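Structure record follows, encoded as C-alpha coordinates.
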(Lines of atoms letter the chains of each structure in order from A and count residues from 1; the text may use other names and numbers.)
(Lines give C-alpha, C1' and ligand atoms only; values in the text may rest on other atoms or scores of the structure.)
Protein backbone atom coordinates (compact mmCIF):
# COMPACT_ATOMS: atom_id res chain seq x y z
CA UNK A 1 0.00 0.00 0.00
CA UNK A 2 1.18 3.52 -0.81
CA UNK A 3 -0.08 6.49 1.23
CA UNK A 4 -0.30 9.86 -0.48
CA UNK A 5 -1.04 13.10 1.29
CA UNK A 6 -1.97 16.49 -0.04
CA UNK A 7 1.67 17.57 -0.14
CA UNK A 8 2.29 15.30 -3.13
CA UNK A 9 1.15 18.17 -5.33
CA UNK A 10 3.67 20.62 -3.86
CA UNK A 11 6.77 18.96 -5.31
CA UNK A 12 8.00 20.51 -8.55
CA UNK A 13 6.34 18.59 -11.36
CA UNK A 14 5.41 18.94 -15.02
CA UNK A 15 2.01 20.34 -14.11
CA UNK A 16 0.08 22.30 -16.71
CA UNK A 17 0.93 25.90 -15.93
CA UNK A 18 0.08 29.27 -17.46
CA UNK A 19 -2.36 27.77 -19.92
CA UNK A 20 0.02 25.05 -21.05
CA UNK A 21 -1.29 21.52 -21.20
CA UNK A 22 -0.02 18.04 -20.49
CA UNK A 23 -1.58 14.83 -21.76
CA UNK A 24 -2.56 12.25 -19.18
CA UNK A 25 -3.26 8.66 -20.20
CA UNK A 26 -5.82 6.65 -18.22
CA UNK A 27 -5.35 3.00 -19.30
CA UNK A 28 -8.70 2.06 -17.71
CA UNK A 29 -10.46 5.38 -18.36
CA UNK A 30 -12.26 7.42 -15.72
CA UNK A 31 -14.91 5.83 -13.52
CA UNK A 32 -18.08 5.90 -15.58
CA UNK A 33 -16.16 6.93 -18.71
CA UNK A 34 -14.02 3.84 -19.27
CA UNK A 35 -13.76 4.34 -23.05
CA UNK A 36 -12.13 7.77 -22.62
CA UNK A 37 -8.45 7.14 -22.02
CA UNK A 38 -6.67 10.35 -23.05
CA UNK A 39 -7.16 13.70 -21.34
CA UNK A 40 -5.45 17.07 -21.50
CA UNK A 41 -4.79 18.87 -18.20
CA UNK A 42 -4.96 22.63 -18.69
CA UNK A 43 -4.28 25.42 -16.19
CA UNK A 44 -5.81 28.66 -17.44
CA UNK A 45 -4.26 31.51 -15.40
CA UNK A 46 -7.66 33.09 -14.74
CA UNK A 47 -8.95 29.86 -13.21
CA UNK A 48 -6.08 29.19 -10.76
CA UNK A 49 -5.83 27.09 -8.66
CA UNK A 50 -8.40 25.07 -10.62
CA UNK A 51 -7.52 23.18 -13.79
CA UNK A 52 -9.51 21.62 -16.62
CA UNK A 53 -9.26 17.95 -17.46
CA UNK A 54 -10.49 17.77 -21.06
CA UNK A 55 -11.21 14.59 -22.95
CA UNK A 56 -9.22 13.97 -26.11
CA UNK A 57 -11.13 10.82 -27.06
CA UNK A 58 -14.46 12.53 -26.36
CA UNK A 59 -14.22 16.28 -26.89
CA UNK A 60 -17.51 16.85 -25.03
CA UNK A 61 -16.06 15.48 -21.81
CA UNK A 62 -14.36 17.85 -19.37
CA UNK A 63 -13.98 18.09 -15.62
CA UNK A 64 -13.00 20.89 -13.30
CA UNK A 65 -10.23 19.60 -11.02
CA UNK A 66 -8.31 20.93 -8.06
CA UNK A 67 -4.80 19.80 -7.09
CA UNK A 68 -5.04 18.21 -3.66
CA UNK A 69 -2.49 20.64 -2.24
CA UNK A 70 -5.38 23.15 -2.11
CA UNK A 71 -7.62 20.90 -0.03
CA UNK A 72 -7.65 21.87 3.64
CA UNK A 73 -7.08 19.57 6.60
CA UNK A 74 -5.03 16.38 6.58
CA UNK A 75 -6.26 14.85 3.35
CA UNK A 76 -4.51 11.60 2.55
CA UNK A 77 -5.22 8.72 0.21
CA UNK A 78 -4.25 5.09 0.85
CA UNK A 79 -3.70 3.55 -2.58
CA UNK A 80 -3.99 -0.17 -3.09
CA UNK A 81 -0.95 -1.94 -4.52
CA UNK A 82 -2.94 -2.53 -7.72
CA UNK A 83 -3.72 1.19 -8.12
CA UNK A 84 -0.12 2.20 -7.43
CA UNK A 85 1.25 -0.38 -9.87
CA UNK A 86 -1.26 0.59 -12.58
CA UNK A 87 0.44 3.99 -12.93
CA UNK A 88 3.94 2.79 -12.02
CA UNK A 89 4.11 4.38 -8.57
CA UNK A 90 6.67 3.03 -6.15
CA UNK A 91 7.26 6.26 -4.25
CA UNK A 92 4.70 8.83 -3.11
CA UNK A 93 7.01 11.60 -4.34
CA UNK A 94 6.23 10.54 -7.93
CA UNK A 95 2.48 11.07 -7.46
CA UNK A 96 0.24 14.04 -8.17
CA UNK A 97 -3.29 14.02 -6.77
CA UNK A 98 -6.25 15.82 -8.33
CA UNK A 99 -9.82 15.99 -7.11
CA UNK A 100 -12.87 16.58 -9.28
CA UNK A 101 -14.65 19.79 -8.29
CA UNK A 102 -18.29 20.81 -8.66
CA UNK A 103 -19.47 24.43 -8.79
CA UNK A 104 -23.00 24.63 -7.45
CA UNK A 105 -25.67 27.15 -8.49
CA UNK A 106 -25.37 28.96 -5.16
CA UNK A 107 -21.64 29.57 -5.78
CA UNK A 108 -20.46 26.87 -3.38
CA UNK A 109 -17.68 24.55 -4.55
CA UNK A 110 -17.30 20.95 -3.43
CA UNK A 111 -14.63 18.38 -4.26
CA UNK A 112 -14.82 14.61 -4.47
CA UNK A 113 -12.34 13.24 -1.93
CA UNK A 114 -13.58 9.66 -2.29
CA UNK A 115 -12.54 9.24 -5.95
CA UNK A 116 -9.32 11.20 -6.57
CA UNK A 117 -7.24 11.09 -9.71
CA UNK A 118 -3.61 10.11 -9.25
CA UNK A 119 -0.97 10.45 -11.92
CA UNK A 120 2.73 9.69 -12.16
CA UNK A 121 4.61 12.96 -12.53
CA UNK A 122 7.18 11.48 -14.95
CA UNK A 123 5.21 9.04 -17.13
CA UNK A 124 1.87 10.91 -16.92
CA UNK A 125 0.05 7.59 -16.52
CA UNK A 126 -3.15 8.30 -14.58
CA UNK A 127 -5.98 6.55 -12.81
CA UNK A 128 -9.08 7.54 -10.91
CA UNK A 129 -9.03 5.50 -7.74
CA UNK A 130 -11.26 4.51 -4.87
CA UNK A 131 -8.70 4.53 -2.06
CA UNK A 132 -8.49 1.94 0.71
CA UNK A 133 -9.55 4.65 3.17
CA UNK A 134 -12.53 5.80 1.04
CA UNK A 135 -14.97 5.04 3.87
CA UNK A 136 -13.30 7.85 5.85
CA UNK A 137 -13.56 10.39 3.02
CA UNK A 138 -16.54 12.46 1.85
CA UNK A 139 -17.86 12.28 -1.68
CA UNK A 140 -18.75 15.97 -1.62
CA UNK A 141 -16.39 18.04 0.55
CA UNK A 142 -17.22 21.78 0.71
CA UNK A 143 -14.44 24.29 0.17
CA UNK A 144 -14.51 27.52 2.16
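Numbering (the working numbering), first residue to last: -13 to 130.
Think of the CB as a built atom: it goes at the ideal place given N, C-alpha and C, for glycine as much as any other residue.
Since this is a predicted model, take the numbers as computed values, not measurements.
With fewer than 16 other beta carbons inside 10 angstroms of its own, residue 13 counts as exposed. Between the region 37 to 50 and the region 65 to 75 there are fewer than three C-beta pairs closer than 8 Å, too few to call the two in contact.
Closest option to residue 52, judged by alpha-carbon separation, among 123, 97 and 121: 97.
In the structure shown, residue 55 falls within a helical segment according to DSSP collapsed to helix, strand and coil. Here residue 31 is not bridged, per DSSP, to any residue.
In the DSSP assignment, residue 67 falls within the unbroken alpha helix (DSSP H) covering 67 to 72.
When secondary structure is reduced to three states using DSSP, residue 6 falls in the coil class, being assigned neither helix nor strand. Residue 115 holds the alpha-carbon nearest to the alpha-carbon of residue 81 among 115, 34, 15 and 16.
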